[in-house]
Amino acid sequence: QVQLVESGGGLVQPGGSLRLSCVASGFFFSIYDMTWYRQAPGKGRELVASISRDGQITNYADSVKGRFTISRNNAMRTLNLQMNSLQPGDTAVYFCQRPVGDYWGQGTQVTVSS
Numbered sequence: 111q112v113q114l115v116e117s118g119g120g121l122v123q124p125g126g127s128l129r130l131s132c133v134a135s136g137f138f139f140s141i142y143d144m145t146w147y148r149q150a151p152g153k154g155r156e157l158v159a160s161i162s163r164d165g166q167i168t169n170y171a172d173s174v175k176g177r178f179t180i181s182r183n184n185a186m187r188t189l190n191l192q193m194n195s196l197q198p199g200d201t202a203v204y205f206c207q208r209p210v211g212d213y214w215g216q217g218t219q220v221t222v223s224s
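Count along the sequence shown from 1, then add 110; that gives the number in this note's numbering.
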């Protein structure tokens, strides 16, 4: 079955960096566009970034443009999110998603605090 497993979250100081990963299994990863979402406490899920199946087309929420980079390694069936210049407002649970079929991982917590 489709599985998405995120990792890489943690506690980081403002201005710091984290790299999230999502390992996919149970489907042909390379033929699907993928996305990262986040959900802050008390808020709905927000689309953070998306990437086409070949990695050539990426899109970002305005709030993370210039700070976050989405990428993928189809050979390793891995989706990544490099997050730089983190701010307290980036604190959230981050999820990877396969839009087709609406499959989600369990999420990884990112906390930005001094």
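Quick reminder that beta carbons are idealized off the backbone N, C-alpha and C, glycines included.
Any idea which residues DSSP pairs M144 with across the strands? Working through the sequence shown from its first residue, we reach residue 144 at position 34. According to DSSP, which records beta bridges pairwise, M144 is partnered with I161.
What is the residue span of the beta strand (DSSP E) that T201 lies within? The count along the sequence shown starts at 1 and reaches residue 201 at position 91. Neither: T201 is in no beta strand (DSSP E) and is coded neither H nor E.
C-beta atoms of R208 and V112 nearer than 9 Å: Here residue 208 corresponds to residue number 98 of the sequence shown, with the count starting at 1. Here residue 112 corresponds to residue number 2 of the sequence shown, with the count starting at 1. Their beta carbons are under 9 Å apart, which means R208 touches V112 by this criterion.
Do you know offhand how far T221's Cα is from G165's? The count along the sequence shown starts at 1 and reaches residue 221 at position 111. The count along the sequence shown starts at 1 and reaches residue 165 at position 55. Computed Cα separation, rounded: 27 Å.
When D200, Q197, T188 are compared against Y142, the one with the closest alpha-carbon: Stepping through the sequence shown from its first residue, residue 142 is reached at position 32. Checked all of D200, Q197, T188; the closest Cα to Y142 is T188.
Can the beta-carbon of T179 be found less than 9 Å from the beta-carbon of S160? Start at 1 with the first residue of the sequence shown, and residue 179 comes out as number 69. Start at 1 with the first residue of the sequence shown, and residue 160 comes out as number 50. Contact flag unset, no.
How should M186 be labelled, buried or exposed, when 16 other C-beta atoms within 10 angstroms of its C-beta is the threshold for buried? Residue 186 sits at position 76 when you count from the first residue of the sequence shown. With fewer than 16 other Cβ atoms within 10 Å, it is exposed.
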